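Q: Anchor point for the sequence shown: position 307 equals 307 in my numbering, and the numbering is continuous, going up by one each time.
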Amino acid sequence: MRYRDVVIKGRIIVTNKGVSRLQAGEVWLGRGYVEGRRPTHPGIYALLDKKRRFVGLAFLSPSSPHYLRIFSREEVEPDERYWKKVIREAYEKRKGLASITNAMRIVHGEADKIPSVVIDMYGDIVSFQITSYGAETIKEIIISIILELFRPSAIIEKDNATQRKIEGLPLIERIVCGEKHVASVYEGGLTFELDVLGGQKTGAYLDYRELRSAASNLAGGRVLDGFSYEGWLSCLLSRKVAYVISIDSSADAIKAGIKNASINGCENIEFVRGDVVKYLASSNEVFNFIHLDPPPLAKRRMDLMPALAYYRRLAQLALRALDRDGILMISSCSQAVSMEALERVIIEATQKRNGTVIFRGMQDTRDHPIIPGRKESFYLKAVAVKVD
Ligand SMILES: C[S@@+](CC[C@H](N)C(=O)[O-])C[C@H]1O[C@@H](n2cnc3c(N)ncnc32)[C@H](O)[C@@H]1O
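#1: For Q163, tell me which candidate among S64, S338, L297 has the shortest Cα-Cα distance.
#2: On the CB-based measure, 16 or more other CB atoms within 10 Å of its CB, does T202 come out buried or exposed?
#3: Distance check for V241 and V223, CA to CA, integer angstroms please.
#4: Let me know if V357 comes out buried or exposed under the rule of 16 or more other beta-carbons within 10 Å of its beta-carbon.
#5: Quick check on M1: does DSSP put it in helix, strand or coil?
#6: Compute the minimum distance between the beta carbon of C333 and the heavy atoms of ligand 1, and state whether it is under 7 Å.
#7: Note the first and the last residue of the continuous alpha helix (DSSP H) segment covering E136.
#8: Under a three-way DSSP split, which group does V118 fall into?
#9: Check the C-beta distance from L322 over to I346 and give it rounded, since I have them as a contact under 8 Å.
#10: Please state whether DSSP places C177 in a helix, a strand or coil.
#11: Are the beta-carbon atoms belonging to V76 and L57 less than 8 Å from one another?
#12: Please classify A24: does DSSP put it in a helix, a strand, or coil?
#13: Since N288 and G220 are thought to touch, with beta carbons under 8 Å apart, how far apart are those beta carbons, to the nearest angstrom?
#14: Starting from the C-beta of I371, find all residues in its chain whose C-beta is less than 8 Å away, skip the five residues before and the five after it, and write them out in chain order.
#15: Decide if K352 is buried, meaning its Cβ has at least 16 other Cβ atoms within 10 Å, or exposed.
#16: Please list the terminal residues of the continuous beta strand (DSSP E) segment that includes R301.
#17: Contact between the segment 276-286 and the segment 252-259 is defined here as three or more beta-carbon pairs at a separation below 8 Å; is this criterion met?
#18: Is L194 buried or exposed, if buried means 16 or more other CB atoms sit within 10 Å of its CB?
#19: Quick check on this structure: which residue in F150, H291, L237 has the alpha carbon closest to the alpha carbon of N268?
#20: Are the beta-carbon atoms belonging to A298 and L304 less than 8 Å from one another?
#21: If you reduce the DSSP assignment to three classes, tell me which class F227 lands in.
#22: In angstroms, rounded to a whole number, what distance separates the CA positions of S334 and P294?
#23: For G361 and L211, what's the separation of their Cα atoms in angstroms?
#24: Leaving aside the five residues before and after V196 along the sequence, list all residues of the same chain whose C-beta is less than 6 Å from its C-beta, in chain order.
#25: Cβ of Y208 within 7 Å of any heavy atom in ligand 1?
#26: Could you give the DSSP three-state label for E140: helix, strand or coil?
#27: Assuming H368 contacts D225 (C-beta within less than 8 Å), just tell me the rounded distance between them.
#28: Let's test the definition: count the other Cβ atoms within 10 Å of the Cβ of M1 and tell me whether it reaches 16, buried, or not, exposed.
#29: If you scan the segment 39-70 from start to end, which runs of the beta strand (DSSP E) of 3 or more residues do you find wholly inside it?
#30: If you check the beta carbons only, do R69 and S144 fall under 8 Å apart?
#31: Tell me the DSSP secondary structure of S332 in three-state form.
#32: If you drop the 5 nearest sequence neighbours on each side, which residues of the same chain put their C-beta closer than 7 Å to that of A251?
#33: Exposed or buried, E187, counting other C-beta atoms within 10 Å across all chains shown (16 or more means buried)?
#34: With respect to the beta strand (DSSP E) encompassing K386, which residues constitute its N-terminal and C-terminal limits?
#35: Between which residues of its own chain and L190 is the CB-CB distance below 6 Å, once the five residues before and five after are set aside?
#36: In the structure shown, what three-state DSSP assignment does A103 receive?
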């Protein structure tokens with residue numbers, strides 16, 4: 001055994017059932033899978049079976065339902081050198097994306113073997129988010145590795161996710177080093193200005209990249225882009241459609257959208273600050289393509305029914321505003337909503353108009369990979385339906 005106190009806080013004996021789950025690929029274990037004493041200090045722990053044989057390494061978060069987040073089944077020494085190798089390997093896998101964009105997720109948590117940590121690159125700015133107490137203990141190491149590997153102009157900490165409250169962690173949004181917080185990023189041949197510090201999530205919706213591309217392939221004529229954030233999709237659509245109405249409830253997002261349209265010379269976009277449901281319920285406009293990408297509505301199973309009711313309402317309202325041969329595309333980043341459930345809701349709403357599913361898509365797996373067999377890691381899905 002090469003356990004060093006510096007990096008490994010202690011050892012934990014895992015129950016037989018816990019070991020079986022771990023060996024079957026489970027990435028989280030609750031405290032019920034721990035034999036005997038359950039440590040209350042966050043950090044990295046070595047997991048042993050009842051015969052004291054090594055079975056894995058995990059971040060331990062004392063007050064989290066995900067008490068143990070497993071990051072290795074091999075007996076490695078999780079020091080700075082180890083994490084540098086993991087982050088470098090994750091980056092290597094994304095290098096191909098550099099030919100189409102300078103904005104990409106470098107580390108996608110569990111799928112990249114650093115549970116509850118995301119690292120995103122926006123041009124010369126890197127932002128990161130940590131959502132567990134266990135991983136918080138290696139924050140300084142992560143910052144030092146980002147500096148060494150990517151030499152960014154600035155590093156931004158976007159630790160504002162509500163999950164941190166469950167873990168007992170403070171919410172933090174700050175520039176860790178450097179001064180700038182506005183990046184210039186490109187995607188789909190356009191350039192966008194992005195305030196990484198002020199933006200939603202870690203700055204932007206990188207996971208939606210492939211769906212933005214799919215939507216711009218499907219769209220034509222008069223277009224409604226609902227829940228448009230900073231107008232990236234609206235700008236992409238603008239080049240090939242008659243006009244776009246771009247609606248978002250956030251004043252900052254609309255302001256950024258107007259700037260992005262101006263940078264790219266998109267003159268056929270009307271930006272509207274408001275609620276998409278209210279807009280659709282009161283507007284008499286008719287569109288050929290309606291795209292709706294609402295925020296997450298059901299992170300837990302108990303939120304599923306209200307979320308499906310919301311998607312149903314959105315689909316019904318959108319159909320009223322959809323012209324003959326029109327296309328409706330709805331996305332869901334709600335963890336608990338499956339592709340099938342989303343599709344069912346949309347198809348039911350289109351019954352009288354003979355809806356046909358013409359597209360099914362998901363998060364951009366090039367930088368938001370999915371862990372095989374783990375449905376939580378497949379969270380973003382989209383369905384497009386064409387109606388008579
Ligand atoms: C998932 S993001 C959309 C991302 C976008 N598709 C993109 O590619 O960048 C959801 C957006 O919905 C906005 N939003 C939330 N509730 C809203 C509402 N009721 N009406 C309009 N916009 C809303 C948020 O401000 C956010 O920008």
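Note that beta-carbon positions come from the ideal geometry of N, C-alpha and C, so glycine has one too. The structure presented is a predicted model; accordingly, all values stated were derived computationally and were not measured.
A: Looking at the atomic coordinates:
#1: S64
#2: buried
#3: 7 Å
#4: exposed
#5: Here the model assigns M1 a pLDDT of 39, short of 50, so the residue's position is not dependable, and the following value carries that caveat. Coil.
#6: yes
#7: 133-136
#8: strand
#9: About 12 Å; that fails the 8 Å criterion.
#10: strand
#11: yes
#12: coil
#13: 6 Å
#14: G25, V27, E110, A111, S377
#15: exposed
#16: Run containing R301: none; DSSP gives neither H nor E here.
#17: no
#18: buried
#19: L237
#20: yes
#21: coil
#22: 9 Å
#23: 7 Å
#24: Y122, I125, S127, I156, H181, A183, G203
#25: yes
#26: helix
#27: H368 to D225, Cβ: 21 Å. No contact.
#28: A caution first: M1 carries a pLDDT of 39, below 50, which makes its placement in the model too unreliable to give a value.
#29: 43-48, 54-60
#30: no
#31: strand
#32: R273
#33: buried
#34: 381-386
#35: C235, N264
#36: strand
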